[in-house]
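Just below is one structure, and these are the notes that go with it.
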Amino acid sequence: MKKEKKKPEVEETEKVTEEEKPAEETTGKEEKKEPTAEEKLQEELKAEKEKYVRLYAEYDNYRKRTSAEKLQIYDDATAKAVKELLPLADSMTQALAQFDGKEVPEEFTKGIEMIAAQLKTCFEKLKVEPFCEVGDPFDPELHNAVSMVEDEALGENTISAVYQKGYKIGDKIIRHAMVVVANA
1 MKKEKKKPEV
11 EETEKVTEEE
21 KPAEETTGKE
31 EKKEPTAEEK
41 LQEELKAEKE
51 KYVRLYAEYD
61 NYRKRTSAEK
71 LQIYDDATAK
81 AVKELLPLAD
91 SMTQALAQFD
101 GKEVPEEFTK
111 GIEMIAAQLK
121 TCFEKLKVEP
131 FCEVGDPFDP
141 ELHNAVSMVE
151 DEALGENTIS
161 AVYQKGYKIG
171 DKIIRHAMVV
181 VANA
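Just so you know, we're using full-length UniProt numbering here: the sequence shown kicks off at 1 and counts up by one.
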(Lines of atoms letter the chains of each structure in order from A and count residues from 1; the text may use other names and numbers.)
(Lines give C-alpha, C1' and ligand atoms only; values in the text may rest on other atoms or scores of the structure.)
Protein backbone atom coordinates (compact mmCIF):
# COMPACT_ATOMS: atom_id res chain seq x y z
CA MET A 1 0.00 0.00 0.00
CA LYS A 2 2.81 2.28 0.62
CA LYS A 3 3.77 1.98 -2.93
CA GLU A 4 0.31 2.97 -3.99
CA LYS A 5 0.46 6.07 -1.86
CA LYS A 6 3.70 7.12 -3.39
CA LYS A 7 2.30 6.83 -6.82
CA PRO A 8 -0.46 9.35 -6.28
CA GLU A 9 2.04 11.77 -4.77
CA VAL A 10 4.30 11.38 -7.75
CA GLU A 11 1.33 11.86 -10.02
CA GLU A 12 0.32 14.98 -8.10
CA THR A 13 3.85 16.39 -8.36
CA GLU A 14 3.86 15.72 -12.04
CA LYS A 15 0.50 17.47 -12.34
CA VAL A 16 1.81 20.48 -10.43
CA THR A 17 4.89 20.78 -12.65
CA GLU A 18 2.69 20.47 -15.70
CA GLU A 19 0.40 23.17 -14.33
CA GLU A 20 3.38 25.44 -13.61
CA LYS A 21 4.70 25.12 -17.13
CA PRO A 22 1.64 26.62 -18.75
CA ALA A 23 1.76 29.45 -16.23
CA GLU A 24 5.35 30.22 -17.26
CA GLU A 25 4.38 30.04 -20.91
CA THR A 26 1.52 32.45 -20.38
CA THR A 27 3.85 34.85 -18.59
CA GLY A 28 6.06 34.93 -21.68
CA LYS A 29 3.00 35.46 -23.80
CA GLU A 30 1.85 38.32 -21.59
CA GLU A 31 5.02 40.24 -22.43
CA LYS A 32 4.21 39.86 -26.10
CA LYS A 33 0.54 40.59 -25.75
CA GLU A 34 -1.13 43.55 -27.42
CA PRO A 35 -0.74 46.99 -25.82
CA THR A 36 -3.57 48.30 -23.71
CA ALA A 37 -6.03 50.85 -25.00
CA GLU A 38 -4.21 53.62 -23.13
CA GLU A 39 -0.88 52.64 -24.68
CA LYS A 40 -2.48 52.60 -28.12
CA LEU A 41 -3.86 56.07 -27.54
CA GLN A 42 -0.46 57.31 -26.35
CA GLU A 43 1.19 55.94 -29.51
CA GLU A 44 -1.49 57.51 -31.71
CA LEU A 45 -1.07 60.83 -29.90
CA LYS A 46 2.70 60.69 -30.37
CA ALA A 47 2.29 59.90 -34.08
CA GLU A 48 -0.18 62.77 -34.50
CA LYS A 49 2.16 65.18 -32.71
CA GLU A 50 5.03 64.17 -35.00
CA LYS A 51 2.76 64.58 -38.01
CA TYR A 52 1.74 68.05 -36.77
CA VAL A 53 5.36 69.13 -36.23
CA ARG A 54 6.33 67.98 -39.74
CA LEU A 55 3.32 69.71 -41.25
CA TYR A 56 4.06 72.93 -39.36
CA ALA A 57 7.70 72.88 -40.51
CA GLU A 58 6.59 72.23 -44.08
CA TYR A 59 4.14 75.15 -43.94
CA ASP A 60 6.78 77.44 -42.43
CA ASN A 61 9.21 76.55 -45.23
CA TYR A 62 6.47 77.16 -47.80
CA ARG A 63 5.71 80.57 -46.29
CA LYS A 64 9.38 81.58 -46.32
CA ARG A 65 9.85 80.33 -49.89
CA THR A 66 6.81 82.18 -51.23
CA SER A 67 7.84 85.35 -49.40
CA ALA A 68 11.29 85.18 -51.00
CA GLU A 69 9.73 84.49 -54.40
CA LYS A 70 7.44 87.52 -53.99
CA LEU A 71 10.39 89.77 -53.22
CA GLN A 72 12.28 88.37 -56.20
CA ILE A 73 9.33 89.02 -58.52
CA TYR A 74 9.02 92.57 -57.16
CA ASP A 75 12.74 93.23 -57.68
CA ASP A 76 12.61 91.80 -61.20
CA ALA A 77 9.60 93.96 -62.12
CA THR A 78 11.24 97.05 -60.63
CA ALA A 79 14.46 96.33 -62.49
CA LYS A 80 12.57 95.92 -65.76
CA ALA A 81 10.75 99.24 -65.32
CA VAL A 82 13.87 101.12 -64.20
CA LYS A 83 15.85 99.74 -67.14
CA GLU A 84 13.48 101.63 -69.43
CA LEU A 85 14.14 104.88 -67.53
CA LEU A 86 17.94 104.62 -67.58
CA PRO A 87 18.34 106.31 -70.99
CA LEU A 88 16.42 109.27 -69.55
CA ALA A 89 18.80 109.40 -66.56
CA ASP A 90 21.78 109.25 -68.95
CA SER A 91 20.32 112.07 -71.05
CA MET A 92 19.83 114.25 -67.96
CA THR A 93 23.43 113.67 -66.89
CA GLN A 94 24.74 114.47 -70.38
CA ALA A 95 22.58 117.58 -70.66
CA LEU A 96 23.87 118.91 -67.34
CA ALA A 97 27.45 118.17 -68.41
CA GLN A 98 26.89 120.13 -71.65
CA PHE A 99 25.79 123.22 -69.71
CA ASP A 100 29.07 123.47 -67.77
CA GLY A 101 30.92 126.60 -68.83
CA LYS A 102 28.38 127.58 -71.49
CA GLU A 103 26.00 130.46 -71.44
CA VAL A 104 22.57 128.93 -71.16
CA PRO A 105 19.51 130.59 -69.63
CA GLU A 106 19.47 129.89 -65.91
CA GLU A 107 15.82 128.81 -65.97
CA PHE A 108 16.66 126.14 -68.54
CA THR A 109 19.55 124.75 -66.48
CA LYS A 110 17.51 124.92 -63.28
CA GLY A 111 14.62 123.03 -64.93
CA ILE A 112 16.85 120.16 -66.05
CA GLU A 113 18.50 120.02 -62.61
CA MET A 114 15.06 119.76 -60.99
CA ILE A 115 14.02 116.93 -63.33
CA ALA A 116 17.30 115.11 -62.65
CA ALA A 117 16.74 115.52 -58.89
CA GLN A 118 13.21 114.09 -59.17
CA LEU A 119 14.51 111.12 -61.13
CA LYS A 120 17.20 110.56 -58.51
CA THR A 121 14.56 110.67 -55.74
CA CYS A 122 12.43 108.12 -57.60
CA PHE A 123 15.43 105.80 -57.94
CA GLU A 124 16.15 106.14 -54.22
CA LYS A 125 12.55 105.22 -53.34
CA LEU A 126 12.86 102.14 -55.54
CA LYS A 127 16.22 101.32 -53.90
CA VAL A 128 18.04 101.74 -57.20
CA GLU A 129 21.66 102.72 -56.69
CA PRO A 130 24.08 104.04 -59.29
CA PHE A 131 27.61 102.71 -59.08
CA CYS A 132 31.00 103.28 -60.67
CA GLU A 133 33.24 106.29 -60.22
CA VAL A 134 36.61 107.19 -61.68
CA GLY A 135 39.29 105.66 -59.47
CA ASP A 136 37.25 102.61 -58.44
CA PRO A 137 38.87 99.21 -58.99
CA PHE A 138 37.71 97.40 -62.13
CA ASP A 139 35.38 94.46 -61.43
CA PRO A 140 34.29 92.41 -64.47
CA GLU A 141 31.13 91.39 -62.58
CA LEU A 142 30.04 95.06 -62.42
CA HIS A 143 31.80 96.80 -65.30
CA ASN A 144 32.12 96.41 -69.06
CA ALA A 145 35.53 97.59 -70.21
CA VAL A 146 35.19 99.32 -73.58
CA SER A 147 38.77 100.55 -73.72
CA MET A 148 42.14 100.34 -71.95
CA VAL A 149 44.72 103.07 -71.40
CA GLU A 150 48.12 103.40 -69.77
CA ASP A 151 48.14 106.02 -67.02
CA GLU A 152 50.92 106.35 -64.46
CA ALA A 153 48.71 108.44 -62.16
CA LEU A 154 46.26 105.54 -61.67
CA GLY A 155 46.89 102.09 -60.22
CA GLU A 156 46.55 98.77 -61.99
CA ASN A 157 43.03 97.80 -63.12
CA THR A 158 41.59 101.14 -62.10
CA ILE A 159 38.68 102.88 -63.82
CA SER A 160 39.98 105.97 -65.60
CA ALA A 161 36.73 107.09 -67.28
CA VAL A 162 33.04 106.24 -67.02
CA TYR A 163 31.06 106.33 -70.27
CA GLN A 164 27.84 105.05 -68.72
CA LYS A 165 27.02 104.56 -65.03
CA GLY A 166 25.90 101.18 -63.78
CA TYR A 167 22.75 100.66 -61.72
CA LYS A 168 21.70 97.96 -59.28
CA ILE A 169 18.94 97.04 -56.83
CA GLY A 170 20.56 95.40 -53.83
CA ASP A 171 22.89 92.80 -55.32
CA LYS A 172 20.98 92.55 -58.62
CA ILE A 173 22.69 94.38 -61.47
CA ILE A 174 20.24 96.28 -63.68
CA ARG A 175 22.89 97.61 -66.04
CA HIS A 176 26.66 97.15 -66.06
CA ALA A 177 28.78 100.29 -66.16
CA MET A 178 30.70 101.03 -69.36
CA VAL A 179 34.22 102.10 -68.41
CA VAL A 180 37.77 102.70 -69.56
CA VAL A 181 40.32 100.70 -67.58
CA ALA A 182 43.80 101.97 -66.82
CA ASN A 183 46.92 99.77 -66.70
CA ALA A 184 45.14 96.46 -67.29
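In this text, a Cβ means the ideal position worked out from N, Cα and C, and glycines have one as well.
Counting only runs of 3 or more residues that sit fully inside the stretch 152-184, the beta strand (DSSP E) segments are 158-164, 166-169, 172-175, 177-182, in chain order.
Across the structure, THR93 and ASN61 are spaced so that their CA atoms are roughly 45 Å apart.
Between GLY166 and PHE131 the beta-carbon gap is near 5 Å, inside 8 Å, which marks them as a contact. By the criterion of at least three beta-carbon pairs nearer than 8 Å, the stretch 36-56 is not in contact with the stretch 76-83. Residue state for VAL134 is assigned as coil, using DSSP reduced to three classes. In the three-state reduction of the DSSP assignment, GLU34 falls in the coil class, being assigned neither a helical nor a strand state. As the crow flies, the alpha-carbon of GLN72 is around 54 Å from that of THR36. Judged by DSSP secondary structure, GLY111 falls within the alpha helix (DSSP H) whose first and last residues are 106-125. Distance between GLN98 and TYR163, taken at the CA atoms: about 14 Å. Cβ neighbours of ASP75 within its own chain (closer than 8 Å, five residues either side excluded): ILE169, GLY170, LYS172.
In this structure, ILE112 sits away from ALA89, with a CB-CB distance that is not shorter than 8 Å.
DSSP places GLU129 in the strand class (E or B) of the three-state scheme. Taking C-beta atoms as the reference points, MET178 and ASN144 count as a pair closer than 8 Å.
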